[in-house]
Structures are given as C-alpha cells and as structure tokens.
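J.: Residue numbers (the working numbering), protein chains in the order written: chain P, 436 to 895; chain W, 10 to 495.
Glycine residues also receive a C-beta, built at the ideal position from the N, C-alpha and C atoms.
Here it is, the structure, as structure tokens.
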Amino acid sequence: MTTVSSLPPRKGRNVELVLLLLAVGIVVLAYLNVGLATQGTFPPGLLAHGTGLLVISLAFHLLLRWRASYADPLLLPIVTLLNGLGLVMIHRLDIAAGRDVADGLAMKQLTWSALAVAIAAAVLFFLKDHRTLRRYTFTAAAVGFGLLLLPLVPGLGRQVYGSRIWIGLGPFSFQPGEIAKIVLAIFFAGYLVQTRDVLSLAGRKVLGFTMPRARDLGPILVAWVASLGVLVFEKDLGSSLLFFGLFVAMLYVATERTSWIAIGMVLFSGGAYVAYLLFGHVQQRVLLWLHTFSPEALAVSDQLARGLMGMANGGLLGTGLGRGRPDLTYFAESDFIVPSFGEEIGLFGVFALFMLYLLLIERGMRTALGVRDGFGKLLAAGLSFSVALQCFVVVGGVTRVIPLTGLTMPFLSYGGSSLLANWSLVALLLRISDHARRPLPEVEQAAAAQAEATEVVKIR
Amino acid sequence: MNAPIRRLSGVVALLFAILLVSSTWIQYVQAKELQGRPDNRRTLLATYARERGQILVDGTPVALSKPSNDELKWLRTYPQGPRYAHVTGYYSFTYGPGGGLESAENSLLSGQSDKLFYRRVSDMLTGRKAAGASLELTINPKAQAAAEKALGNQRGAVVAIDPKTGAILAMVSHPDYDPADLTSHDSKKVAAAWKKLNADPTRPMVNRAIGGNLYPPGSTFKIVTAAAALASGKYTEESQIPGPAVLDLPQTSADLPNSAGEGACGPNNKTTLKHALEISCNTAFGWLGMQLGGDALRSQAAKFGVGDTLSIPMRVTPSSVPAQLDKPQLAQSAIGQYDVRVTPLQVAMISSAVANRGIVMKPYLVKSVLSSDLDTIEEATPSQLSQAVSADDASALTRMMEAVVQSGTGQAAQIAGVSVAGKTGTAQHGKGQAPHAWFTGFAPADDPQVAVAVVVEDGGSVGNEAYGGRVAAPIAKAVMEAVVQK
C-alpha cells in the first residue's frame, strides 16, 4: 500500500461552484426545451423548479464550504445534474399525462429532493468523522437485515407488480432496500476490517486459488442465504444481486483474494438457477428477458417490449426532449426512466448520462484509494460499487442484459426512498473524501507512516 | 487494499462498457427492426401525426385525412364509399395499410419515401408542416361509376385501360366494401368489420381485377390463338379452316363440341378464321391450337404479358398458360379452357394491344405524384411493355373483332355511331357451376380510346343461361360509352 500524500491540498470549492452553476444551467435549458416542444411557450414552472434546484444545491454547496471544505468537488455537481435531469423528465411525463405543475410528480420529486438534501446535510453536519460509524457495526447489521426483511412483514409489505420490495405506512410507501444498501455497506466495512486478516490468510491452495477454510465460509454463506431469501420471497433479482454483489466485492477488497469472487459467483449462479427451476415467477422473468417479443411473453407483459421500442424510436440522436412518446411505456418515470431518456435524447444522450454515473462512481473509488483508514476505504469502495451495481442492474434490465427487476436508477428515477438513500450515500462519500483530501497535520502523518509499516502483510 | 480497489474500478468500467454495448445494440443496430414491428405504437402514432397524402381522381379526393381530436391526429376518410375500395385500399390503425394504393404507395402517402427527401429537407428548413405526397390517378370517374353501376350486385370485375398509354381508366371488383369501416378510430368496430370481411366466403377484400384465384379466360383467349395463327404466316383472316360441330380429340375419348345447340361453323364443316372468331367457333380454334402447338401459343401469350409480374403499383398476379400440354389439352387451352388462368387486367391488355397497333403498354394507376401544396413531384411516363403482334396483324384482328360486335356473339356491345371491336367468352369452371361470362374489346375501333375487360362470375344474375354476349357485353358497352361519349 502506498501513502497517498501527493494530492494537492486544493479544496476545489470554487470549481465545484462553477460546475454546479453549469449543472443547473443545463437542467434549466432542458426544462425550457421541454416547455417549448410540448406547449410552444415559455414553461410556467421553470421558475419554481429551476430556483428550487438552485437553492437546494447552493445550500448544500455552502454547507460543504463550511463543514467539509476538502470534499471532492465533482460529486455534488454530478448528482445535482442527474437529479435535475430526472426532474425534467418527470415533469415532461407530467405534461404527457396531463398533470398540473402544482400537483404533478415533478413537484413531489422536487420536495423529496429538498428533503433528501436536508437529510444528507444533516448527515454531513453531525458526522464529523466517518470512522465514528465503525462503532455501530453490529447495530448496522441488525438494522440492515431488518430493513431488508421488512417488506415480508405481513400488513406492512406491499407487492408492487410482482416484487415485494415496498412497505406501506398509511399513505406513504417506501423501498427499505435503498436504505438497507447503505446500512449494510457500513456493516460489511466494519465487519470485514476486523476479520480481514483471518479471511485473507488462512486456507489451502487449490488449483492456484487460495481457498478459505470451511469455518471462514460462514459470513459469505449467511449473505448468500439472505440474498436468496430476497430473491425467493421478495421476488426481486435486482435487490438480491445488489446485496450479494456488494458483499462479495467488499470481501474481495478487504482480503485481496480472488477466490472469494469465484466462490461468490458459483454460489449466486447456482442459487439463482435452482430458484429458476423451482419458482414460477423467476421463470416468468427469464421468459420476458430472453423472449421479449414472443407471444407468450407479450401475454404476460409488454412493458419491456415497449421500453425497447421507445429506445429504438430515439435512435442515435433522440427525438428531442418533449418530442417522443416515453409516456407509452409503463413506469416511464421510475424503472423505465433510462428508456425515456434513450427515446428523447438518443444514444449519445444516454452515453453522456452513463458517463456521469461512471464519473461519480470512479470519484468514489478515487476517494477509497485516497483515504487512509481501512474502514473508510472499504466503505467508500462499497458505497461506490453499490451505485455501479444498481445502475448495471437497472439499465441491464431494460436493455436485456439481465432479467428486468424493480430497482430504480439512482437520482434519476421518481421515488422518495431512492432519493433519500442516494443523497445520504453521497453525503457519506463527501465526508470520506474530505478526510482523504485534507492535508495531514505533521504529527498524524508520522503516526500514519508507522501504522503503514505494521499493516503491510504479504503472503505468497 | 488499493490494488483490489483499482481492480474493482476496472470491473465498474467493464459493467458500464456492457451497458454502452447493449444500449447501442438496441438504439442503433436493432432500431430499424424494432421500429418496423407491426405492434409498435410509436411508429403508428408517428405516421398519424402528420397529414397523409390524398388520393385524387380528376382533382377530387377519393381518400383523404381529416383532422381528428383523439389520440390519432388524423382520420382517413373515403368520400365515395366502396366505389374506389379496390383502388385505394384502406389505411387502418389496427391492421395497417392494405388492399390497394394505401399500401402499394404507402411510403409516398406517408411522406417517408426517398423520392421526397429534398422535399422533406426544404420542409424542415422553411418550417413548412410535413405532410405526405398526394396521388392523382389515371381513373376516369365516369367510367368508374359506369362500371360500378353496370356490374351491380353481380360478382366479378371490370378493368378499362387507355390502349395508347396503359393508363387504367376504371377498376372495379365486386363484391366490395367500404374502406372507412376499417379506418375508424373505434378499434372494436374496426375489429368486428375486419372479422366479418375476412369470414365472408365471397371475399370482398380481394381485388378480382388483378388478383385472387384468377379466371379461365374462355373464348376471349381465342384472340391470342388467332394472333398466333396470323403470326405463324400460314394463316390469314380469310384462310379456310375446319369447323365441324364436334372436334374429335386424339389420345382420348373426349370430344370438343361447339356451344350447345350450334352445329358446324360453316358449310362443309369449313369456315374462315374471321368467321370462326365472329361466331366463337370452338372446334376451329381447337384445331388451330393443335396445329400451332404449345410453344407458339405460349410465346404469343407471353408477348401479350401473360406470365409477367406487373405492379400498377399494386402487385398483379401473373396470368399463366400451362408449360406442358398434350394435344387434347392444347385444343382446350386454345379456347381458353383447361388450366389457362388470367386476370381481367391481362385480358384488357390483350384487347389494348390489338387496339394499339400490336403494342402492349405498361398499365399504371398513378398519373402524378403531388406535394401537399399540389406541386407536381413526379409525372408518370407511359412505357411500352412489348410488341405483341405486328401492326398488320393487329389491324386484321381489329377487323375480326369488329365483326364479332357487328354481326357475331358480341352485338350487345354495340354503341350507336361508334364502331366497337370485341370478343365474348363463356368460361366453364367446374361441373355444375354456371360459367363465367366474359367480354373484352375496345372503342372506337378506328381510333381506340378505351379497352375493357369484364368478367361476371357464375353468369351473374342469369346463371346457367349466361353467355358472355348477354351478361358481360352490356357492362363493357356502358364503360366504353362513358369514355367515348364526350
């Protein structure tokens, strides 16, 4: 491990401000575009939505200046842009569905965004050092698994279009899996940083892989059973893949042993195959995935087919915002928001969106590389990877790479729980990145160097 | 832990690379295929979003799109009801375009044709509202109306063409339907109409003039046999040929008789070629067929267009003469029986070739393609399909066909003050069924303006009593009259 002390001690807050204004500018232009295309007039909601977004993001920016002045300057502009573009698309679908600006989904989404940013700000404000979270490792475990299983509680869980990943509380509904993602990442990081030595050292070599001892397989088996439970009982391949993938990735980062990945992949594909053989709803998902346009599949659902036709309609350049028919696809504003964008901003447009996500994730990975403590590294890498995996599961689902699942695209999709969770996730990343980029006081640097020396353990 | 984090970043990049490939696959590679799917509502709605071109007959629309206030912006209407059903076809939201020009020229009408590329660019630059191109047809509305009225509720078809250009002046096929039933935006009503039309055993959606099961041409085919005889150089219109009451067919016990109740075609069982055509003498033409042979008959038929796949622009089912014929089959084929199958359009082309000094013109329906503001984009140019017979033989055939109408079987087609040439036909098709009645001809014989073919299935309203001269000739007369009389 090398000491990463060569980072320039630049704060980058001014860069962030410029990028932030650019992001809001792009969103305002997109909004204007939608208004002109659909109604031919200057959109009346522009002021409300535009200033709303500007105020929210500027407030967060000021908080960063005050409380985390060394935080990564790219994260906030990227998520602001994604959140804003999501708002524009949701507003555009409001228009198509004939909903008013005042009581449309976009206004609700904006309210949720404000709330999500407020909570993220609170996280950033109260959590001065991410290492504090390590104290709550097992609390996080309990809360995480609790949240994961919550939709299964009778009377609380709700089955929405096949998947049981929602809970309902009175008029509110919530996807606890989104929060569970973060809480479990905290648990995995805390747990693995403690046990990484034994998980990475003990074992025999088999076929060039160092295989772990049977007794050390316990944690991965627990995660496996839990993820299969999600697949079978909540009927959601996406969540299942997300949690298990997150765990295996973090296990690999902690132990540097490829064998964990191999074991994880064998376990998951085996489990998924058995689930396919045993459960009708899994078979149905696979049918829709592999034979989307067959009469049998269309008899079950033509949602995926409609999404694909929408994307095809967009082609390379797209129909232009407000000029396509994304409203012909069900859930065009949530699960299928990527096809909605594909239709209206084209292949080049969605490429740009994917690049924004990739940039966001790789900045998170950069943070993981830069931060000096093991817990922070694991947490930052885990959180970033969870976003990547979620993007893959959602976009892969709508583009027929994997079976379709009920997850939402982070920041873009309509949905309160998703926004709350992902803004908080970014708050954590910002906190860790502040820590990673902040220049060390002389004394601490020396101490860190010592710690390094004792930490390096090489086998083989 | 940095090495695995770097590798994990690599994995993330790989995951996104997969997404880039998969989205490219859908939005670029498969895009055309997905957009062409019949169940793609976006494509359908897009075609309904712009005004579809009109189909015009003599400047009056027979198919046009009217603004509509529902999800589909335009409603296709057919002001003349069923009259032009088989010409225009239908443009249905549920079942797509079909049945005629609506599908054959869909890319022009919808405005997506490559021919309209520059138009589209200029529309885009000038901010003009995009619309499909309109089609001005060659149809003569008076002839079309006369054909529709004369055919009445009998099953059959009428085709009239201008022999000099090949322009189709009338095209009627009965039974017909109202295309508006299929273009309504009430999908339940449309589905019910579609189901009913498809279940109807008389098949009203088939354009019998150019397709369907085709018909045996009966005696109208004797024009082809006569043309082959003249072309061989061995016969003239005055040549004496055998014309007994019954022709004995070799290799079989079957005989070929003349029509019931008629004896020999001339004194001493002899007749001239001209007289044989005039009275439609089966035995004489049967004998001629055997003398000429299958190759001569087939190649003469081919010169008239039999076997060609035409598009007018709808696809015309090719007519056919069987490839292998023994002697008795030859005799039968020479009088248009056995397995000879033709479209009424093909029969009209035979008459028009005789009328046009032996030259077959390519038949066409679209006179010009017009932009939405009625500028001409493209004008049809008549083109020659083939030289079926020499000009001399054509005038001989004309004289023979004039005799048919003047004093032979086709007297019902006479028009006062106009010399008409023609040939009747009565085609047997299966035991116990009344024969199809045929008439084909042209007028005026000295300066032809119109060539027609009429077929009435199963003898129409007179059934077993039917002869081409009685049932089909008056219909042909009505159509020719509509064109000739100013």
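1. Could you give the DSSP three-state label for P70/W: helix, strand or coil?
2. Assuming D400/W and G367/W make a contact with CB atoms under 8 Å, what is their CB distance in whole Å?
3. Identify whether M180/W lies in helix, strand or coil by the three-state DSSP scheme.
4. Considering only the alpha carbon of each residue, which of G850/P, L619/P, L587/P, W695/P lies closest to A411/P?
5. For a cutoff of 8 Å on Cβ pairs, would you count Q36/W as touching chain P?
6. Are the C-beta of R648/P and some C-beta of chain W separated by less than 8 Å?
7. Assuming G797/P contacts N748/P under a Cβ cut-off of 8 Å, what Cβ separation, rounded to an integer in Å, is found between them?
8. Identify the continuous beta strand (DSSP E) that holds M370/W and give its terminal residues.
9. Under a three-way DSSP split, which group does R569/P fall into?
10. What is the DSSP secondary structure of G165/W, counted as helix, strand or coil?
11. Which residue or residues does DSSP assign as beta-bridge partners of L146/W?
12. Taking the straight line between their C-alpha atoms, what separation do you get for Y224/W and V356/W?
13. Once the 5 residues before and after K336/W are set aside, which same chain residues still bring their CB inside 8 Å of it?
14. Determine, using beta carbons only, whether H565/P and G811/P come nearer to each other than 8 Å.
15. For L17/W, would you say it is in contact with chain P, using Cβ-to-Cβ distances shorter than 8 Å as the test?
16. Closer than 8 Å, CB to CB, is E898/P near chain W or not?
17. How is the beta strand (DSSP E) around A460/W delimited, first residue to last?
18. Per DSSP, K75/W is paired with what?
19. Where L813/P and V657/P are concerned, what is the direct C-alpha to C-alpha distance, given to the nearest angstrom?
20. Answer with yes or no whether the minimum CB distance from Q39/W to chain P is below 8 Å.
21. Please list, in chain order, the chain P residues whose beta carbon lies closer than 8 Å to that of S31/W.
22. Out of H284/W, T234/W, A403/W, S392/W, point me to the one whose CA is closest to L339/W's CA.
23. Please list, in chain order, the chain P residues whose beta carbon lies closer than 7 Å to that of L24/W.
24. Hey, quick one: how far does the alpha helix (DSSP H) through S361/W stretch, first residue to last?
25. Buried or exposed for H726/P, going by 16 or more other Cβ atoms inside 10 Å?
26. Check the Cβ of Y687/P against every Cβ in chain W and list those closer than 9 Å, keeping chain order.
27. What did DSSP end up calling S329/W once you bin it into helix, strand or coil?
28. Tell me where the alpha helix (DSSP H) around Q393/W begins and ends.
29. According to DSSP, is A140/W part of a helix, a strand, or is it coil?
30. Give a yes or no on whether the minimum CB-CB distance between L735/P and chain W is below 8 Å.
31. DSSP three-state label for K132/W, please.
32. Alpha carbon to alpha carbon, how far is V701/P from P845/P? Give it in angstroms, no decimals.
33. What residue range does the beta strand (DSSP E) around Y100/W cover?
34. Where in the region 788-875 of chain P do unbroken runs of the alpha helix (DSSP H), each at least 4 residues long, occur, reported from the N-terminal end onward?
35. Starting from H445/W, trace the beta strand (DSSP E) both ways and give me its first and last residue.
36. The beta strand (DSSP E) with I250/W in it runs from where to where?
T.: Answer, in terms of the structure:
1. Here DSSP, grouped into helix, strand and coil, assigns P70/W to strand.
2. Asp is not the amino acid found at residue 400/W; the sequence shown has Ala there. So it is a contact: roughly 5 Å between Cβ atoms.
3. M180/W falls in the strand class under three-state DSSP.
4. What is shown of chain P runs 436 to 895, which leaves residue 411/P out entirely.
5. Interface residue, yes.
6. Output row for R648/P: interface = no.
7. Position check: residue 797/P holds Glu in this sequence, whereas Gly was assumed. So it is not a contact: roughly 31 Å between Cβ atoms.
8. M370/W -> beta strand (DSSP E) spans 368-370.
9. Here R569/P sits in helix by DSSP.
10. Secondary structure of G165/W (DSSP, three-state): strand.
11. Assignment of beta-bridge partners to L146/W by DSSP yields V66/W, V375/W.
12. A direct Cα-Cα distance of roughly 10 Å separates Y224/W from V356/W.
13. Result list for K336/W: L258, P259, Q260, M299, in chain order.
14. Yes. Within cutoff.
15. Cβ-Cβ to chain P under 8 Å: yes for L17/W.
16. With chain P covering 436 to 895 only, the question about residue 898/P has no answer from this structure.
17. That run of the beta strand (DSSP E) goes 459-465.
18. BP columns for K75/W point to L84/W.
19. Each residue's alpha carbon lies about 20 Å from the other.
20. Yes - at least one Cβ of chain P is within 8 Å of the one on Q39/W.
21. Under the 8 Å cutoff, chain P gives V830, G831, T834, R835, V836.
22. Ranking H284/W, T234/W, A403/W, S392/W by Cα distance to L339/W puts T234/W first.
23. Within 7 Å Cβ-Cβ: A823, F827.
24. First-last of the alpha helix (DSSP H) with S361/W: 353-364.
25. H726/P should be labelled exposed.
26. Going along chain W in sequence order, the residues near Y687/P (Cβ under 9 Å) are P13, R16, L17.
27. Here S329/W sits in strand by DSSP.
28. Under the DSSP assignment, Q393/W falls outside any alpha helix (DSSP H), being part of the beta strand (DSSP E) whose first and last residues are 393-396.
29. The answer is strand: DSSP assigns A140/W an E or B state.
30. Note on residue identity: the sequence assigns Val, not Leu, to residue 735/P. Closer than 8 Å: no.
31. First, the amino acid is wrong: residue 132/W is Asp here, not Lys. Here D132/W sits in helix by DSSP.
32. Spanning the two alpha carbons is a distance of roughly 28 Å.
33. Looking at the DSSP string, the run of the beta strand (DSSP E) that includes Y100/W is 99-101.
34. Fully enclosed alpha helix (DSSP H) runs of no fewer than 4 residues occupy 809-833, 851-872 of the region 788-875 of chain P, in order along the chain.
35. Following the DSSP letters along the chain, one finds H445/W inside the beta strand (DSSP E) bounded by residues 445-452.
36. First-last of the beta strand (DSSP E) with I250/W: 249-251.
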